[in-house]
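In my numbering, the protein residues as written are 7 to 243. Since the structure comes first, as structure tokens, the remarks are kept for the end.
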Amino acid sequence: MTVLEKILEIFFPTKCGICGKLGKNICENCYNNLKKYEIIEQHNEIYFVYRYEDIIRELLIKYKFNGNAYLYKTFSECLLKNKKVCKFLKSYDIILSVPLHKKRQRERGYNQSKLIAKELAKGINNQIEIYSSKKVMLHKKIENEKIINNYSLKFLDKVLIKNKNIKPQSEKGIKERINDVKGIYSIVNNSCIYGKKVLLFDDIYTTGSTTNECKKVLLEAGAKEVGILTIAKDYIN
Ligand SMILES: [Zn+2]
């Protein structure tokens, strides 16, 4: 912990984003309660962690629309406590988030997905460092390879950008969503992602129109593979 972090801890102590208990960004009790929303079945390159309902939905709304930026720590900690999510994160070279248009980001004050994606990269790299320094032999082949090659998951910002501000996806029907996102994303620097395994992070997956369009743009720009990680999957739409 840096000096600044220690000072911040005095004035803004770490507390559970759900019940407010001091100590961690998510307490054991709340973390265990969230387990009933976990999605068991995963597709190959796509990972939804929770169903978008009840407490998950409330927490995401609180985070996205009510200015509670600090909740990125709670979500990040939940994901980093999940071994399957960690394994998935470690199978990629780069993580980036679905971008907001600069006007939207100014209004909200933060990009909710970017805060989490950045924290996930930091968290997973810390985990790998701990494993390497203790020289723990890991059973999983993929993790061993990554450590030997001084692996780290790189968070990239301002590579994938949104060129046009469109009305929120949640206010539209499926057909309109797909047509609306065509051509609104682009890549600023192809060389950063060329030949890399890229993980795209978003908070909620509904029809997939946004993430699929971003995936298409990333593949066209030369990414070797593109995976998708989202906190929640909305089954209502
Ligand atoms: Zn709690």
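Glycine included, C-beta positions come from ideal geometry on N, C-alpha and C.
>> So, does the stretch 35-48 touch the stretch 10-26, judging by three or more C-beta pairs under 8 Å?
In response: yes
> Which residue comes first and which comes last in the alpha helix (DSSP H) that contains Y211?
Replying inline: As a first step, residue 211 is located in the sequence shown; it is residue number 205 there, counting from the start. From DSSP, Y211 is part of no alpha helix (DSSP H) but of the beta strand (DSSP E) over K203 to Y211.
> Touching or not, the stretch 186-204 and the stretch 54-63, by the rule of three or more beta carbon pairs under 8 Å?
Replying inline: no
> Is G233 buried or exposed, if buried means 16 or more other CB atoms sit within 10 Å of its CB?
Replying inline: Residue numbering aside, residue 233 sits at position 227 when the sequence shown is read from its first letter. Classification for G233: buried.
>> Under 7 Å: does the beta carbon of K68 sit that close to some heavy atom of ligand 1?
In response: Counted from its first residue, the sequence shown places residue 68 at position 62. Within the chosen limit of 7 Å, ligand 1 does not reach the beta carbon of K68 with any heavy atom.
> What do you get for L159, buried or exposed, if any count of 16 or more other CB atoms within 10 angstroms of its CB means buried?
Replying inline: As a working mapping, residue 159 is identified with position 153 in the sequence shown. When all chains shown are included, L159 counts as buried.
> Comparing alpha-carbon positions, which option in L86, K90, K168 and D209 lies nearest L224?
Replying inline: Start at 1 with the first residue of the sequence shown, and residue 224 comes out as number 218. Residue K168 holds the alpha-carbon nearest to the alpha-carbon of L224 among L86, K90, K168 and D209.
>> Suppose you measure from the CA of K93 to the CA of R112; what does that come to, to the nearest Å?
In response: As a first step, residue 93 is located in the sequence shown; it is residue number 87 there, counting from the start. As a first step, residue 112 is located in the sequence shown; it is residue number 106 there, counting from the start. C-alpha separation (whole angstroms): 34 Å.
> Taking the C-alpha atoms as reference points, what is the distance between E135 and E125?
Replying inline: Here residue 135 refers to the residue found at position 129 of the sequence shown. Here residue 125 refers to the residue found at position 119 of the sequence shown. Taking the straight line joining both Cα atoms gives about 15 Å.
> Taking three-plus beta-carbon pairs below 8 Å as touching, is the stretch 114-128 in contact with the stretch 75-87?
Replying inline: yes
> Would DSSP call V55 helix, strand or coil?
Replying inline: Your numbering for residue 55 matches position 49 in the sequence shown. Strand at V55.
>> Strictly by DSSP, which residues pair up with A238?
In response: The residue you call residue 238 lines up with position 232 of the sequence shown. Paired residues: Y56 and I210.
> If you check the beta carbons only, do N171 and H107 fall under 8 Å apart?
Replying inline: Locating residue 171 in the sequence shown gives position 165, counting from the first residue. Locating residue 107 in the sequence shown gives position 101, counting from the first residue. Yes, they are a contact pair.
> Does the beta-carbon distance from L166 to I100 come in below 8 Å?
Replying inline: Translated into the one-based positions of the sequence shown, residue 166 becomes position 160. Translated into the one-based positions of the sequence shown, residue 100 becomes position 94. Taking 8 Å as the Cβ cut-off, L166 and I100 do not qualify as a contacting pair.
> Which residues in the same chain have their Cβ closer than 6 Å to the Cβ of L121, if we skip the five residues on either side of it in sequence?
Replying inline: Taking the first residue of the sequence shown as position 1, residue 121 is located at position 115. Beyond the five residues adjoining it in sequence on each side, L121 comes within less than 6 Å, by CB distance, of Y78 in the same chain, given in chain order.
> For G233, which beta-bridge partners are listed by DSSP?
Replying inline: On the sequence shown, residue 233 is found 227 positions in, with the first residue counted as 1. Answer by DSSP bridge pairing, in chain order: L205.
> Do you know whose CA, among L14, K164 and T217, lies nearest D186's CA?
Replying inline: By one-based count along the sequence shown, residue 186 stands at place 180. Of L14, K164 and T217, the residue nearest in Cα terms is T217.
>> According to DSSP, is K93 part of a helix, a strand, or is it coil?
In response: Residue mapping note: residue 93 aligns to position 87 of the sequence shown, counting from 1. Three-state DSSP puts K93 in a helix.
> Contact check, I193 vs I210 under 8 Å by CB: the rounded distance?
Replying inline: In the sequence shown, residue 193 corresponds to position 187, counting from 1. In the sequence shown, residue 210 corresponds to position 204, counting from 1. In fact, because the Cβ distance is near 23 Å, the residues do not count as touching under 8 Å.
>> Under DSSP, the beta strand (DSSP E) around L166 begins and ends at which residues?
In response: Looking up residue 166 in the sequence shown gives position 160. Taken as a continuous stretch (DSSP letters only), the beta strand (DSSP E) holding L166 covers L166 to K168.
>> Can you determine whether any heavy atom of ligand 1 sits closer than 7 Å to the C-beta of C198, and answer yes or no?
In response: As a first step, residue 198 is located in the sequence shown; it is residue number 192 there, counting from the start. Every heavy atom of ligand 1 is 7 Å or more from the Cβ of C198, so no.
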